[in-house]
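S.K.:
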Amino acid sequence: MSTAPVLPDWLTPLVRPEIAALTPYASARREAVGGTVWLNANESPWNNTTINGVNRYPDCQPGAVRNGYASYAGVSPEQVLVTRGADEGIDLLIRTFCRPGIDRIASCGPSYGMYAISAATNAVGCDLLEWAEGYQLPDDFVAQVRDCKLVFVCNPNNPSGTVIDPATLTGLAAQLPNSLLVVDEAYIEFCPELTVTGALQQCPNLVVLRTLSKAFALAGARCGFTLANPAVIGLLEKVIAPYPVPEPVAQLAADALSPEGLRRMQTQVAQLNARREALAQRLTALPEVRQVLPSRANFLLFELKDARRCYDQLASQGLFIRAYRHPQLTDWLRISIGADSEIEQVERALCAALGRRPLFNKDAVS
1 MSTAPVLPDW LTPLVRPEIA ALTPYASARR EAVGGTVWLN ANESPWNNTT
51 INGVNRYPDC QPGAVRNGYA SYAGVSPEQV LVTRGADEGI DLLIRTFCRP
101 GIDRIASCGP SYGMYAISAA TNAVGCDLLE WAEGYQLPDD FVAQVRDCKL
151 VFVCNPNNPS GTVIDPATLT GLAAQLPNSL LVVDEAYIEF CPELTVTGAL
201 QQCPNLVVLR TLSKAFALAG ARCGFTLANP AVIGLLEKVI APYPVPEPVA
251 QLAADALSPE GLRRMQTQVA QLNARREALA QRLTALPEVR QVLPSRANFL
301 LFELKDARRC YDQLASQGLF IRAYRHPQLT DWLRISIGAD SEIEQVERAL
351 CAALGRRPLF NKDAVS
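Using full-length UniProt numbering, read the sequence shown as starting at 1 and increasing by one per residue.
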């Protein structure tokens, strides 16, 4: 665990006072670093698996993962917190900075649902604003959210795949000095030039959420990252569970962040981006498809005549894409960019539901 610095003046009014005063749980791993004999945590002396070190409690923040991700993201290790997926980062931020029944968060919708869910489970209000045209921030966004402790913006947005210019987001952070602007970059590997991590030094109230679930192909490992000012990270470390990253997950994450792992991820991202664009063209060619939103993520959101009927017909065959209950998305479906064979199955079934011949050309898709 890193030593939390003295709180800067700008951060003191934001954090819950009981968290600022909290002394975190002193786990055996936190109290003792190094050594050759470990009899301080009531662990078993036997490792009954092929996974090295799994009979011991893991490091609170595994160094190889923290340092590896810091190097990858272009930040310092003190600006990184390793979490159980980005979802834990969302929950930690709300628990650390929002007083139940008093403080509020804000986001635009439709967007990722866990911002509102985490707020509700912590008895924190959530102001859900409507997007402007093209899933952009409304002109009066700052005026509407300036009294909220946390402001969440998903970029690229889920479920639309649309993006907001990073300069707009860094400018927004400057206009919200009494809030934390949390930019959820779960899909940023599909458009890395749009990250705002380069602004973390100049925008102390900026927080970035990341994950290994999407481009790194580790959804089952549940490993995410919160990138922020070291003082913010120090506060989150007070609240996070003593051993948040299981040893097998740490080993998977370290491998994914190795030079070979990064090359593999980048190759697969290029393939998925090409498949997405090819699928977008084929969907656009279907008369029943009213529009396909331009996406910079590993999915497409498209508006379709009889969307619910088509979804149900695909689901009856065991083919699942995403339908929504949100009133603005009742005629929309979201399809993830999977393997060629998966896309072909779904596309053939969708065309059959529409009474159309499939447009899939296997030779034309990477």
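We treat Cβ as the ideally placed atom computed from N, Cα and C, and that holds for glycine.
1) Jot down the residue ranges of each uninterrupted beta strand (DSSP E) in the segment 42 to 128, minimum 3 residues, whole runs only, in chain order.
2) Can you find at least 3 beta carbon pairs, one from the segment 188 to 204 and one from the segment 326 to 333, that sit closer than 8 Å?
3) Which of the three DSSP states is assigned to S341 in this structure?
4) Would A120 and C126 be called neighbours here (beta carbons separated by less than 8 Å)?
5) Just the Cα atoms here: how many angstroms apart are residue 371 and L257?
6) Would you call the segment 289 to 301 and the segment 336 to 354 touching, i.e. three or more CB-CB distances under 8 Å?
7) Cα separation between R322 and M114?
8) Just to confirm my understanding: we take A219, look at its own chain, exclude 5 residues before and 5 after, and list those with CB closer than 6 Å. What are they?
9) Leaving out five residues on either side along the sequence, give the residues of the same chain with a beta carbon under 8 Å from the beta carbon of Q144.
10) Grab me the residues of V15's own chain with a C-beta within less than 8 Å of its C-beta, minus the 5 sequence neighbours each way, in chain order.
11) Does the segment 61 to 68 come into contact with the segment 243 to 253, if we say contact requires no fewer than three beta-carbon pairs (one atom in each stretch) closer than 8 Å?
12) Taking the alpha-carbon positions, what's the Q136 to A70 distance?
13) Count the other CB atoms, across all protein chains shown, that sit within 10 Å of the CB of P159; report buried if there are 16 or more and exposed otherwise.
14) Whose C-beta lies closer than 7 Å to the C-beta of S366 among residues of the same chain, with five residues either side of it excluded?
15) Is it the case that the Cβ atoms of V208 and L194 are separated by a distance below 8 Å?
16) Using only the alpha-carbon positions, how far apart do D165 and V182 sit?
17) Check G224 in the structure and name its three-state DSSP category.
18) Using DSSP with H/G/I as helix, E/B as strand and the rest coil, what is A349?
19) Where do the ends of the beta strand (DSSP E) carrying R325 lie?
20) Could you check where the alpha helix (DSSP H) with C148 kicks off and where it finishes?
M.R.: With the given structure in hand:
1) For the segment 42 to 128, whole beta strand (DSSP E) runs of length 3 or above, ordered along the chain, are 80 to 83, 104 to 109.
2) Touching, no.
3) helix
4) Yes.
5) In the structure as shown, the chain begins at 1 and stops at 366. Residue 371 is therefore absent and cannot be evaluated.
6) yes
7) Roughly 16 Å between the two C-alpha positions.
8) For A219, where only same-chain residues beyond five positions count, the Cβ hits under 6 Å are S213.
9) So the list reads A106, D127, L129, P138, once near-sequence residues are dropped.
10) L7, T96, F97, L235
11) Contact between the segment 61 to 68 and the segment 243 to 253 is present, because at least three Cβ pairs lie under 8 Å.
12) 29 Å
13) buried
14) With a pLDDT of only 41 at S366, under 50, the local geometry of the prediction cannot be trusted, and the value read off the model is given with reservation. Here the set comprises Q271, A274, R275.
15) no
16) C-alpha of D165 to C-alpha of V182: approximately 15 Å in a straight line.
17) Strand at G224.
18) Residue state, collapsed to three classes: helix.
19) Element bounds for R325: n/a, residue is neither H nor E.
20) Neither: C148 is in no alpha helix (DSSP H) and is coded neither H nor E.
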